[in-house]
Amino acid sequence: MKTENWKEEPEDKDYPAALNYLSLLTDPREAKKIVKALKASSQIDHFAAKDLLRASGLPCLGADDHEVEKDLDKVKSGEKLSPVLLVRGAPLWVADGYHRICASYHLCEDEVVPCLIVDRIKTVQ
Numbered sequence: 001m002k003t004e005n006w007k008e009e010p011e012d013k014d015y016p017a018a019l020n021y022l023s024l025l026t027d028p029r030e031a032k033k034i035v036k037a038l039k040a041s042s043q044i045d046h047f048a049a050k051d052l053l054r055a056s057g058l059p060c061l062g063a064d065d066h067e068v069e070k071d072l073d074k075v076k077s078g079e080k081l082s083p084v085l086l087v088r089g090a091p092l093w094v095a096d097g098y099h100r101i102c103a104s105y106h107l108c109e110d111e112v113v114p115c116l117i118v119d120r121i122k123t124v125q
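The sequence shown runs 1 to 125 under full-length UniProt numbering.
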């Protein structure tokens, strides 16, 4: 499924950002395994922005948040956003792309967001 506002693959810079964030949530070795699994994944899944926020337990940042505003401006100028990186668990971890999810929600809460998603349990075994 292609979506109008999204690139087909994450950008290279998304993975180090994911590693930095995940290293706060888990042991750095586990974080590296998760990022390696994300890089190896080629399956893009699609979920509504509202469902990603609900599953992660994260609030939707306002459209006036600096990073959300930058992403909204990118979309308005025709620039495509990078798919988000997720780690399935309870709750869902948004390893990279929280602001992009929020920007999508402001475009339309049902906006379909492309995601690379891995299961945390499978990556740590």
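Cβ coordinates follow ideal geometry from the N, Cα and C atoms, glycine included.
Bridge partner(s) assigned by DSSP for residue i
| i | result |
| --- | --- |
| R88 | D119 |
| residue 126 | Only positions 1 to 125 of the chain appear in this structure, which leaves residue 126 out of reach. |
| A17 | None, per the DSSP bridge assignment. |
| D96 | L85 |
| V68 | Its beta-bridge partners do not exist; DSSP assigns none. |
| V112 | A48 |
Nearest to residue i (by Cα), restricted to the options the options
| i | options | result |
| --- | --- | --- |
| A17 | Q43, V84 and G89 | V84 |
| C60 | L22, C108 and K13 | C108 |
| A40 | Y105, C102, G97 and D12 | D12 |
| V112 | L86, A55, F47 and L58 | F47 |
| D71 | V87, I101 and I117 | I101 |
| H99 | P28, E69, G57 and Q43 | E69 |
Residue j beta carbon less than 9 Å from that of residue i
| i | j | result |
| --- | --- | --- |
| L22 | A95 | yes |
| A63 | A103 | yes |
| L38 | P10 | yes |
| D45 | L116 | yes |
| Y15 | K50 | no |
| R88 | D119 | yes |
Burial state of residue i, where buried means 16 or more other Cβ atoms lie within 10 Å
| i | result |
| --- | --- |
| I34 | buried |
| L24 | exposed |
| D110 | exposed |
| R29 | exposed |
| G97 | buried |
The ligand ATP heavy atom lying under 8 Å from the CB of residue i
| i | result |
| --- | --- |
| V113 | Looking at this structure, you won't find the ligand ATP or any other ligand, since it has none at all. |
With a cut-off of 8 Å, do at least 3 Cβ pairs link the segment 1-16 to the segment 65-83? With the rule of 3 Cβ pairs closer than 8 Å, the segment 1-16 counts as touching the segment 65-83.
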